[in-house]
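Note that this note's numbering gives residue 318 to position 317 of the sequence shown, counting from 1, and the numbers run on in steps of one. C-beta: ideal position from N, C-alpha, C; glycine also.
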Amino acid sequence: MIDSIESTRKSAPSQAERDLFDLHALAIYRRTDRMFAYLMVLQWVVAIAAAYWFSPRTWDGVQSSMHPHLLMAIFGGGLLASLPVALAWRMPGHAITRYVIAISQVLFSSLLIHITGGRIETHFHIFVSLAFLAAYRDWKVLAPATLVIIVDHVIRDIWWPESIFGVATASHWRWLEHAAWVLFEDLVLAFTIRQSIREMRALALHTVQLEQARQVAEEASCVKGQFLASMSHELRTPLNGVIGMTELLADSPLSERQRRFVNACQSSGALLLRLINDILDFSKIEAGHLELEEHPFELQQLIEDVMSGMPPRLHERDVQLICRQDDSTPLHLLGDSHRLRQVLVNLLGNALKFTERGEITLRTARQHISDDRVTLLFSIEDTGIGIPADRMDRLFQSFSQVDSSIRRKYGGSGLGLSISKAIVHAIGGEIGVESHEGLGSRFWFAVNLRRDHDATNEFDSPAMPPSSFEVQPAPRHVAPAQVPFVPEAAVSLPSEFVGSNH
């Protein structure tokens, strides 16, 4: 440890290191000033109690009066405590405050020694006081305190030995022995203070180096994000061309074998495009450049667009997709519908990925509403595999999945939930999950959006053809968090939107 500290001190400290060290030292000075302010008041009370205990009153025949020691403790102790307390309150951290506190502290030692009649046990207060003063980590504070101690011992050893040593006569050189022990403690304390200061400077240097390394890492991350964004744009251009050509090819006359090949190309292209879009969004989020737009949109149309993107996967499984919407939800809103669609697609895509059979329910409910704004709660409930309770904290982290087996079996980049969380937080909302392993999961997010008063905004049922929906009870396989729902219309999607093998 000492070798590492020595190696860090070979070069001259930088201005940032000196500033950090000075800031740390100032905090120590102020904290120690406050400690001594409380200690001064406590010592004043102790001095009064000691004077009252050892010599409360004097007697002259049958007449008694208050002993001078008690008066000295009350007024002398108050004088010694008042100035340090005032300076610690008004000028914490200043050098003058430290020196006044140091002198007052050892004068309290002299007062207590005098009140107790020079008891040798009270002399320990001097050594304890010096140890307390070392808390400043400033050896210069010990100098005036030591000087006051030696002068006090010399004067009282010569003219009043009873008050300092408790005997009527004492050797005129006895003060020298006491001074030697005080100086010995000063040397030990000065050595520890020096070691502490060196460690503080080393800590300041390491902190500055860590801050510089953090700045370099942030700059590198920014460059990486810009590179990813640039590459994503460059990759999307030819990929969109490939996807477009495969769509044209799919519309041409093909054999069954050729159509399977084209469908595989389309699926792979769509997956690759989604991954590239995720990387682009992730780079924007890391750089703090996630852009949000505010434009009018219709909530029902947004939900229909999201649902219409799900059918290709539904045909592969025994899964029914259900949409439920609170019939008092405003339909015409202002916000970034593209980002909301992205979050809903991510959450529904996850539900489809981990649900082999059963139901996936998208619920939309109104939580709070005012003249200008409305808070909407979206929830996606599934009857899939669920999430273990001890692994819930790994969700919403970048490039993270519940465990490695999930990636092997179901695939995915681990970016969908982290991007969804960033989008919801950028909108000013909240996102969360409740899950029971083996029973399913419920992902939810709440966002606060402006209402579009320029459009028709009645609280009516979704404007869909009568044949496309019917009222039915809402089966619940997962017990989600208790959220107050008003009576709702259960909307089943048209047959082309529902994949079921019943």
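Determine the closest residue to residue i out of the options, with distance taken between C-alpha atoms.
i	options	result
D328	L377, Q213, E200	L377
L43	A28, P85, Q16	P85
E431	E438, L134, F444, W90	F444
R138	V152, F128, F192	F192
P389	L341, L396, E438	E438
Q326	V344, E305, R32, G441	E305
L440	A423, N278, I386, R199	I386
L40	N278, A89, I75, Q196	A89
I49	L80, I29, M308, I121	L80
D187	L134, D158, S197	L134
V142	L113, W161, V107	V107
L27	A447, A136, L72	A136
S233	I244, I280, K225	I280
I420	P93, D455, Q368, Q343	Q343
Q301	M73, E295, S338, L272	S338
E200	A427, E18, V448	E18
M73	Y100, L113, A87	L113
At the level of alpha carbons, what is the spacing between residue i and residue j?
i	j	result
Q210	Q216	10 angstroms
A103	I150	11 angstroms
P463	T365	Low confidence applies here, because P463 scores a pLDDT of 43, under 50, leaving its location unreliable; read the following figure in that light. Looking at the two C-alpha atoms, the distance is approximately 12 angstroms.
D34	H25	14 angstroms
R261	A251	10 angstroms
A144	A82	20 angstroms
F125	A214	49 angstroms
K118	A203	Checking the displayed sequence, the identity of residue 118 turns out to be Gly instead of Lys. So the alpha carbons of these two residues sit roughly 47 angstroms apart.
C324	L206	59 angstroms
W60	W174	Residue placement at W60 is poorly supported in this model, since its pLDDT is 39, which falls under 50; the coordinates still yield a value, given next. Approximately 35 angstroms, taken between the alpha carbons.
N241	R392	37 angstroms
I286	S380	24 angstroms
A424	A265	For clarity, residue 424 is Ile in the given sequence; the question names Ala instead. The alpha-carbon atoms of I424 and A265 are separated by roughly 31 angstroms.
S111	Q16	43 angstroms
D394	S222	25 angstroms
H95	F22	16 angstroms
K422	G350	15 angstroms
V375	F37	56 angstroms
G78	F109	7 angstroms
V307	L272	17 angstroms
Report yes if the C-beta distance between residue i and residue j is below 8 angstroms; otherwise report no.
i	j	result
L450	G336	yes
D453	L293	no
F283	L416	yes
L190	A132	yes
E248	Q227	no
T356	V320	yes
I97	A52	no
F446	L418	no
V46	I127	no
W160	I194	no
State the start and end residues of the unbroken beta strand (DSSP E) segment that holds residue i.
i	result
Q321	319-327
H333	333-336
First and last residue of the alpha helix (DSSP H) that includes residue i?
i	result
A218	175-251
G417	417-428
W445	Unbroken run through W445 is the beta strand (DSSP E), 441-452; no alpha helix (DSSP H).
G78	78-91
E122	Taken as a continuous stretch (DSSP letters only), E122 belongs to no alpha helix (DSSP H), as it is neither H nor E.
message: Going residue by residue through the stretch 124-157, where are the continuous alpha helix (DSSP H) segments of at least 4 residues, counting only ones entirely within it?
response: 125-134
- prompt: Can you give, in chain order, each stretch of the beta strand (DSSP E) that sits fully within the stretch 354-408 and has at least 3 residues?
  reply: 358-370, 374-383
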